[in-house]
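End of the sequence shown = 103 in my numbering, gap-free, step of one. Some notes on the structure that comes next.
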Amino acid sequence: PLLAAGGVVLMALGLYYEVVSVDLQAAAMGLALTAAAALLGLFQGYAR
Numbered sequence: 056p057l058l059a060a061g062g063v064v065l066m067a068l069g070l071y072y073e074v075v076s077v078d079l080q081a082a083a084m085g086l087a088l089t090a091a092a093a094l095l096g097l098f099q100g101y102a103r
């Protein structure tokens with residue numbers, strides 16, 4: 056559950072960065088955060 060919550064927070068942060076960012080670097084960071092959250096979710100799905 057803790058990992059899942061972390062993944063949700065990461066994804067929310069990533070989406071927030073994507074939407075709010077004016078520059079490309081912040082958008083890339085948001086995308087990376089979202090991808091990391093998705094990977095975390097996948098990993099947890101397989102770990103069960």
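All C-beta atoms, glycine included, are put in the ideal place defined by N, C-alpha and C.
Whole-angstrom C-beta distance between residue j and residue i, which should lie under 8 Å
{"i": "L65", "j": "L88", "result": "5 Å"}
{"i": "A82", "j": "Y72", "result": "7 Å"}
Residue burial classification, residue i (beta-carbon count within 10 angstroms, cutoff 16)
{"i": "G100", "result": "exposed"}
{"i": "A92", "result": "buried"}
Length at least 3, wholly inside the region 56-95: the beta strand (DSSP E) runs in chain order: none
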